[in-house]
Amino acid sequence: MSTPHFPIYMDYSATTPVDPRVADKMIPYLREQFGNPASRSHAYGWDAERAVEEAREQVAALVGADPREIVWTSGATESNNLAIKGAANFYSGKGKHLITVKTEHKAVLDTTRELERQGFEVTYLDVQDNGLVDIEVLKAAIRPDTILVSVMLVNNEIGVIQDVAQIGEICRAKGIIFHCDAAQATGKVAIDLNTLKCDLMSFSAHKTYGPKGVGALYVRRKPRVRLEAQMHGGGHERGMRSGTLATHQIVGMGEAFRIAREEMATENERIRMLRDRLWRGLSGMEEVYLNGDLEQRVPHNLNVSFNFVEGESLIMAIKDVAVSSGSACTSAYRQAARFVTALGNVQGRCGPEFHPVGCALSAKAHARPHKYGYAKR
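Residues in the sequence shown are numbered from 1 upward in steps of one, following UniProt numbering.
Laid out in structure tokens, this is it:
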């Protein structure tokens, strides 16, 4: 039986492999250390609870938070739902207006669309040509009844880093809850929630060499932020998220975040070298454009548009490399990927009969220079 051919993986923004050190840490909690962390009458439960709390400390350490501010979830999608719906519902007596950005992850945009169906009003901000939010436009969008602003730290497709520090200052001065989706930021951007005026922040393990199916939500204690629970049945996680905790996955997330904290600085420099090497090769080609700001961007991401090239054709032409592309077609209409069309400079340089294609090329941690010039795990 022939071995299937796997191309060089350059889609680390979609997911990352589990670090072997993380897997080794998880395995005992799938076998002999299988206790329920909520079982507090015997050693199995005590051991599981200790492991969960150690992981909570590791996650908090990476982002400069108090461990008591970390709430376990099933991933960033649930964290975003809990943060946005939970805050909107709890503070709805103060107002029903929310602000977010058109280039947010679908876990945010679909959540705000659902809140619109429940009677909330949402303002969706455009971004500038470089993919960044115009702070003055954000300020102008704030109303007396605005209760929440949600802006992601690192864009999941074009990798730009939003100025969440300034956005946080604006929101705090106005008494507005500020939520930030940081799923793509951990291990790439230094986060210090002791100084950052962010009230709610979402995290994911599998974007940082941890397991899929586990995430966390930071919920600020001082000044205290209140959420209306979205899941009920046991009152786990201080009543914010009921359900038996998956000890092995939580342990994996904690270990992944511990490793990220230790290795982030050196890894970022090495990955930046690989990213810049790839861009130097691509930028010499005709009709190839960079999407998003190159400087205000994580080093792990390179997103480009190939003008006059259909997405599916491009992917078929580079079978030895696993990348992601925006859809060539949506229903019967030819159009660029949602995040690319949000960038005004891309639309301006493409004629109506053609569209750009955005490819997210991420050579993340554990990537090594390959003899053919690729980044290979």
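Beta carbons: idealized from backbone N, C-alpha and C, even for Gly.
Inter-residue spacing [alpha-carbon to alpha-carbon] between residue i and residue j
i, j, result
"Asp134", "Asp163", "10 Å"
"Cys171", "Asn89", "18 Å"
"Lys188", "His300", "8 Å"
"Pro17", "Ala265", "20 Å"
"Cys198", "Gln166", "10 Å"
"Arg297", "Arg40", "45 Å"
"Pro7", "Asn303", "19 Å"
"Ile99", "Leu196", "19 Å"
"Thr146", "Gly168", "14 Å"
"Lys85", "Arg117", "12 Å"
"Phe34", "Lys222", "35 Å"
"Gly213", "His206", "8 Å"
"Leu82", "Gly235", "14 Å"
"Glu57", "Gly281", "42 Å"
"Val149", "Ile176", "7 Å"
"Val321", "Glu286", "21 Å"
"Tyr91", "Ala55", "31 Å"
"Gly233", "Ser242", "5 Å"
"Lys96", "Glu114", "13 Å"
"Val309", "Ala317", "11 Å"
"Arg220", "Ala190", "18 Å"
"Ser13", "Leu153", "14 Å"
"Gly179", "Ser202", "Inspection of the sequence shows that residue 179 is occupied by His rather than by Gly. About 8 Å."
"Lys211", "Gly252", "Residue 211 is actually Pro in this sequence, not Lys. Roughly 6 Å separates the two Cα atoms."
"Ala60", "Arg68", "9 Å"
"Glu157", "Ala183", "12 Å"
"Ala76", "Ala229", "16 Å"
"Val151", "His42", "44 Å"
"Ser325", "Glu49", "42 Å"
"Ala185", "Val122", "25 Å"
"Gly159", "Tyr44", "42 Å"
"Leu278", "Gly284", "11 Å"
"Trp46", "Glu237", "16 Å"
Buried versus exposed, by CB contacts within 10 Å (16 or more), residue i
i, result
"Val71", "buried"
"His248", "buried"
"Asn155", "buried"
"Pro37", "buried"
"Asp276", "exposed"
"Asp24", "exposed"
"Phe120", "buried"
"Ile27", "exposed"
"Glu32", "exposed"
"Thr15", "exposed"
"Leu30", "exposed"
"Thr103", "buried"
"Val225", "buried"
"Ala260", "buried"
Beta-carbon proximity of residue i to residue j, cut-off 7 Å
i, j, result
"Gly239", "Thr73", "no"
"Asn218", "Ala65", "Per the sequence shown, the amino acid found at residue 218 is Tyr instead of Asn. Taking 7 Å as the Cβ cut-off, Tyr218 and Ala65 qualify as a contacting pair."
"Asn11", "His105", "The question names Asn, but residue 11 in the sequence shown is Asp. Cβ atoms of Asp11 and His105: not closer than 7 Å."
"Leu245", "Val52", "yes"
"Val101", "Leu62", "no"
"Val305", "Tyr289", "It is worth fixing the name first, because residue 305 is Ser in this sequence and not Val. Cβ distance < 7 Å, so Ser305 and Tyr289 count as in contact."
"Ala87", "Leu193", "no"
"Gly131", "Gly292", "yes"
"Ile142", "Lys174", "yes"
"Leu343", "Asp129", "yes"
One or two residues paired with residue i in a DSSP bridge
i, result
"His179", "Ser150, Leu200"
"Tyr218", "Ile70, Met201"
"His97", "Glu121, Thr146"
"Arg297", "Val160"
"Tyr9", "Ala322"
Residue-chain proximity (residue i, chain B), Cβ-Cβ < 7 Å
i, result
"His97", "Although the question refers to chain B, the structure presented lacks it and comprises just one protein chain."
field: At least three beta-carbon pairs within less than 8 Å, the stretch 109-126 to the stretch 266-274
entry: no
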